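Since the structure comes first, as structure tokens, the remarks are kept for the end.
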Amino acid sequence: MGHDHDHISPAADRRYLVAAMGLLGVFLIGEVVVAILADSLALLADAGHMLTDVGAIAAALWAMRLAARPAHGQWTYGWKRAEILSAALNGITLIVFAALVGVEAVRRLLDPPDAEGWPMFVVALVGCAVNVLAAALMARANRTSLNVEGAYQHVLSDLYGFIGTLVAAIVILLTGWTRADPVASLVVVALMTYAGVRLLRDSGRILLEGAPAEVVVEDLRRHLLGVEHVVEVHDLHAWTVTSGLPTVSAHLTLRDACFTDGSAPSVLDRVQACLAGHFDVEHSTFQLEPESHLAHEPGMH
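The opening residue of the sequence shown carries number -10 in our numbering; numbering runs sequentially from there.
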């Protein structure tokens, strides 16, 4: 996700998401009205997908609000991980929706219904325009946040759906081959599944306290051992609290002399500068120990 959006404030993120949600909400209401007037189940089903988009953005906004709460009492990290739970929820709903659409697409492939090309074409054209606008708004938010990325993937999958419907409508109008509709749906199902699995993989790594994807633990250990006077590293842990907040803790064994000549604090400064410079880790906790302490360390790893 190579986006240079780290400078964007949470307030700006919220504005972009609210604007996209408002746009999709207005289109959703219009689509439901047209679906009822035209007695179209297909349009009503599509409106259901739009509703999941609005829900995904609403969940992202709610998670942002929770994550902004300060640390207090039992919640020593605040509610920052709410954004990761929201991303995981978006990943799950993408996969569930992909499965539902996939089953229906296979059914229609085997027994194609009479599909009207023109209503499909007009609605898909308007839907494409609305989703391009919504996706453009959300792309301006900080997508290095898994929470924002999750809501964005929902809108993007809807855009793919409308593009697929548009292509299918053109094929039906030109050739009368109604199976084009379920074929286009299956392509969209594959894209939605891919996006959902990626979101679950990234959020799962954080929820299971895995090391950040960009941090190789052995490289981390090697850099720490490369700092002068550090003779041993154990109980090394690297994890992510939420998007953009990698954290490291470790026990560092220093030469005994560091504790008698007062140089231990300068070793700590060099270790933290090394982490910030090489691994972009701002939040770290180190326990400094003399070599003679190693004999007292139970369960060392």
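By construction, the Cβ of each residue, glycine as well, lies at the ideal position given by its N, Cα and C atoms. Please read all numbers here as calculations on a predicted model, not as lab measurements.
With residue i as the anchor, note down where its alpha helix (DSSP H) starts and where it stops.
i	result
Gly98	With the sequence shown as reference, residue 98 is identified as Leu, and Gly is not the correct amino acid for it. That run of the alpha helix (DSSP H) goes 71 to 99.
Ala184	169 to 196
Ala123	106 to 128
Give the straight-line distance between the Cα atoms of residue i and residue j, rounded to the nearest whole angstrom.
i	j	result
Ala36	Leu13	10 Å
Pro235	His267	13 Å
Val90	Leu175	8 Å
Phe110	Asp147	15 Å
Gly185	Gly251	52 Å
Asp(-7)	Ala76	With a pLDDT of only 46 at Asp(-7), under the threshold of 50, the placement of this residue in the model should not be trusted; the figure read from the coordinates follows. Looking at the two C-alpha atoms, the distance is approximately 20 Å.
Val144	Asn131	15 Å
Cys263	Glu198	22 Å
Leu189	Leu196	10 Å
Ala173	Leu83	17 Å
Glu207	Gln63	33 Å
Leu214	Glu221	7 Å
Gly193	Pro101	39 Å
Leu292	Gln261	This structure cannot settle anything about residue 292, because the visible part of the chain is limited to -10 through 290.
Thr274	Glu203	19 Å
Leu277	Asp191	32 Å
Val23	Leu40	15 Å
Phe86	Ala8	24 Å
Gln142	Gly11	17 Å
Ala16	His38	Looking at the sequence provided, one finds Phe at residue 16 rather than Ala. So the two alpha carbons sit approximately 12 Å from each other.
His272	Val43	34 Å
Thr249	Arg4	55 Å
Gly(-9)	Ala128	For Gly(-9), the predicted model reports a pLDDT of 42, less than 50, meaning its position is unreliable; a value from the coordinates is still stated below. Those two C-alpha atoms are separated by around 12 Å.
Ile81	Leu180	14 Å
Leu257	Val219	10 Å
Thr164	Glu20	27 Å
Ala124	Ala157	22 Å
Ala1	Met53	12 Å
Leu126	Ala246	58 Å
Asp103	Asn79	33 Å
Pro279	Arg210	18 Å
His223	His61	30 Å
Val95	Asp170	11 Å
Val270	Glu217	20 Å
Thr182	Ala45	16 Å
Report the three-state DSSP secondary structure of residue i (helix, strand or coil).
i	result
Glu271	coil
His212	helix
Asp245	helix
Trp64	strand
Leu12	helix
Val302	The question about residue 302 has no answer here: the residues shown for the chain are numbered -10 through 290.
Glu203	coil
Pro254	helix
Met(-10)	The predicted model places Met(-10) with a pLDDT of 41, which falls under 50 and marks its position as unreliable, so this point remains unresolved.
In the DSSP assignment, find the beta strand (DSSP E) that holds residue i and state where it starts and stops.
i	result
Glu138	No beta strand (DSSP E) holds Glu138; the alpha helix (DSSP H) holding it covers 135 to 164.
Glu221	219 to 229
Any C-beta of chain B sitting closer than 8 Å to the C-beta of residue i?
i	result
Asn79	Reference to chain B is not applicable here, since this structure consists of a single protein chain.
Does the contact criterion of 3 or more C-beta pairs under 8 Å hold for the region 41 to 49 versus the region 134 to 142? yes
Taking contact to mean at least 3 C-beta pairs separated by less than 8 Å, is the region 107 to 123 in contact with the region 55 to 69? no
So, does the region 61 to 70 touch the region 215 to 233, judging by three or more C-beta pairs under 8 Å? yes
Counting pairs of beta carbons, one from the region 148 to 155 and one from the region 118 to 128, are three or more of them closer than 8 Å? yes
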